[in-house]
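**Q** So that we are looking at the same thing, I have put the structure below in structure tokens.
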Amino acid sequence: FSLHPELAALVARKGSIAIDGVSLTVSDVGDDWFEVSLIPETLSATTLGLKSVGDSVNIETDILARQVERMLAVTNRRSGS
522 FSLHPELAAL
532 VARKGSIAID
542 GVSLTVSDVG
552 DDWFEVSLIP
562 ETLSATTLGL
572 KSVGDSVNIE
582 TDILARQVER
592 MLAVTNRRSG
602 S
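First residue of the sequence shown? That's 522 in the working numbering, and the numbers climb one at a time after it.
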């Protein structure tokens, strides 16, 4: 999957990510992309099996990563960085 580089900072290898509401584990990540492993059961039990390359999906990053980013932003604002 490709994603905006700002979101890529919130995605970690072996971390959690939700695609169209399906919680998955990230198998690899780059500057503007990530990969997950999809087993046949997941493909048949969710709408992910209906997706084609290039389709848009909703991506939700890990809540802990978002909280850490928020806390760092607040700290940087307070310190004037």
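Every residue gets a Cβ at the ideal spot worked out from N, C-alpha and C, and that includes glycine.
(1) For S558, which residues from the same chain have a beta carbon less than 6 Å from its beta carbon, with the 5 sequence-adjacent residues on both sides left out?
(2) Given D583, which residues of its chain have a CB within under 8 Å of its CB, disregarding the five upstream and five downstream residues?
(3) Classify A529 as helix, strand or coil using the three-state DSSP reduction.
(4) If I measure Cβ to Cβ from T568 and keep anything under 7 Å in the same chain, skipping five residues before and after, which residues do I get?
(5) Measure the Cβ-Cβ separation of D553 and A586 and say whether it is below 8 Å.
**A** The short version:
(1) S548
(2) L531, V532, A533, G536, S537 and I538
(3) In the structure shown, A529 adopts helical secondary structure according to DSSP, grouped into three states.
(4) D541
(5) no
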